[in-house]
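Right, one structure below, let's go through it.
There are 2 protein chains.
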Amino acid sequence: MTRVLTYGTFDLFHHGHVRLLERLAALGDELYVGCSTDAFNALKGKKTALPYRHRVEVLEACRHVTHVFPEECWEQKRDDVQRFDIDVFGMGSDWKGEFDFLGDLCKVVYLPRTRNVSTTEIKDMVYDLQHELRLVKG
Amino acid sequence: MTRVLTYGTFDLFHHGHVRLLERLAALGDELYVGCSTDAFNALKGKKTALPYRHRVEVLEACRHVTHVFPEECWEQKRDDVQRFDIDVFGMGSDWKGEFDFLGDLCKVVYLPRTRNVSTTEIKDMVYDLQHELRLVKG
Numbered sequence: 000m001t002r003v004l005t006y007g008t009f010d011l012f013h014h015g016h017v018r019l020l021e022r023l024a025a026l027g028d029e030l031y032v033g034c035s036t037d038a039f040n041a042l043k044g045k046k047t048a049l050p051y052r053h054r055v056e057v058l059e060a061c062r063h064v065t066h067v068f069p070e071e072c073w074e075q076k077r078d079d080v081q082r083f084d085i086d087v088f089g090m091g092s093d094w095k096g097e098f099d100f101l102g103d104l105c106k107v108v109y110l111p112r113t114r115n116v117s118t119t120e121i122k123d124m125v126y127d128l129q130h131e132l133r134l135v136k137g
Numbered sequence: 000m001t002r003v004l005t006y007g008t009f010d011l012f013h014h015g016h017v018r019l020l021e022r023l024a025a026l027g028d029e030l031y032v033g034c035s036t037d038a039f040n041a042l043k044g045k046k047t048a049l050p051y052r053h054r055v056e057v058l059e060a061c062r063h064v065t066h067v068f069p070e071e072c073w074e075q076k077r078d079d080v081q082r083f084d085i086d087v088f089g090m091g092s093d094w095k096g097e098f099d100f101l102g103d104l105c106k107v108v109y110l111p112r113t114r115n116v117s118t119t120e121i122k123d124m125v126y127d128l129q130h131e132l133r134l135v136k137g
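Top to bottom, those sequences are chains X and Y.
FYI, in numbering that gives the first Met the number 0 the residues of the first sequence are 0 to 137.
FYI, in numbering that gives the first Met the number 0 the residues of the second sequence are 0 to 137.
Shown next as structure tokens:
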């Protein structure tokens, strides 16, 4: 049984998330996902459209995901690798090098992200769409 | 084998979608989902944040969904019920009564929607969030 671990916020769940989760899941038999809590995001200066509990609901409904748990701080990763008996730690390549320090506990991989898609870009698209709508409505 | 059928746009996939799909799936063994194409949405005067192919990718990754196909016009429903050998046609209760005309082919049910969540509300939230960000950035 090969277990894969990743982390993320997963706000406004989109095809970029799906593709990354699918490729991570394909590296093993089970995929564990640490989802950033609202408190942890606040600490990072990040504000999401959807609260933690709703982001988790959507993640749990994804067929590539085995188990979702809260990511509450930067420091929990070594503990998580050990308590879930993780074989592969995987993140998008935007994090390249950042988690090499886990290399003594498990394999660490960075997968390429889908081009031209991020939650930020989707938020910008939605903004433009709603802005247009509001202009039309007056 | 009981087959359930539903339709929708599923833009900015959220926990309201997940809950509805989960409850629809629980009515049978397989859930078929007709996803509105961009051309059909244009006809309805509806513009989505995400194009058809990306909305489909997210739907297909949902563990409650068996098969996704394009919804291209209002008139295809009777054909779809027959070609997929559907037993239950289910929609959110915002459509109550609208599809009773399929009652001679299959069971027709309307399920309550999740309170306080819709793609429109999420778009408004994102708008406010981005608006705030742009004000901060100047």
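Every residue gets a Cβ at the ideal spot worked out from N, C-alpha and C, and that includes glycine.
Keep in mind it's a predicted model, so treat the numbers as computed, not measured.
For residue i, count neighbouring C-beta atoms within 10 Å of its own C-beta (all shown protein chains included) and say buried if the count is 16 or more, exposed if not.
| i | result |
| --- | --- |
| residue 35 (chain Y) | buried |
| residue 10 (chain X) | buried |
| residue 134 (chain X) | exposed |
| residue 2 (chain X) | buried |
| residue 0 (chain X) | exposed |
| residue 54 (chain Y) | buried |
| residue 44 (chain Y) | exposed |
| residue 153 (chain Y) | Outside the displayed range of chain Y (0 to 137) lies residue 153 (chain Y), so it cannot be described from this structure. |
| residue 5 (chain X) | buried |
| residue 76 (chain Y) | buried |
| residue 119 (chain Y) | exposed |
| residue 102 (chain X) | exposed |
| residue 96 (chain X) | exposed |
Per the DSSP calculation, residue i is bridged to which residue(s)?
| i | result |
| --- | --- |
| residue 2 (chain Y) | Y:29 |
| residue 68 (chain Y) | Y:33 |
| residue 88 (chain Y) | Y:4 and Y:107 |
Is it true that the CB of residue j sits closer than 8 angstroms to the CB of residue i?
| i | j | result |
| --- | --- | --- |
| residue 39 (chain Y) | residue 72 (chain Y) | yes |
| residue 41 (chain X) | residue 128 (chain Y) | no |
| residue 23 (chain X) | residue 104 (chain X) | no |
| residue 14 (chain X) | residue 70 (chain Y) | no |
| residue 93 (chain Y) | residue 112 (chain Y) | yes |
| residue 66 (chain X) | residue 20 (chain X) | no |
| residue 26 (chain Y) | residue 108 (chain Y) | yes |
| residue 125 (chain X) | residue 46 (chain Y) | no |
Please state the DSSP three-state secondary structure of residue i.
| i | result |
| --- | --- |
| residue 100 (chain Y) | helix |
| residue 108 (chain Y) | strand |
| residue 39 (chain X) | helix |
If you measure from the CB of residue i, is any heavy atom of the ligand FAD nearer than 7 angstroms?
| i | result |
| --- | --- |
| residue 35 (chain Y) | Inclusion of the ligand FAD in the displayed structure is not the case, the ligand content being empty and no account of it being possible. |
For this session: Please name the residues in the region 48-71 of chain X whose beta-carbon is closer than 9 angstroms to at least one beta-carbon of chain Y, in chain order.
Result: Hits within the stretch, in order: 48, 49, 52, 53, 54, 55, 56, 57, 59, 60, 61, 62, 63 and 64.
For this session: Taking only beta carbons into account, state which residues of the region 23-49 of chain Y come closer than 9 angstroms to chain X, listed in chain order.
Result: Residues passing the 9 angstroms Cβ filter: 46, 47, 48 and 49.
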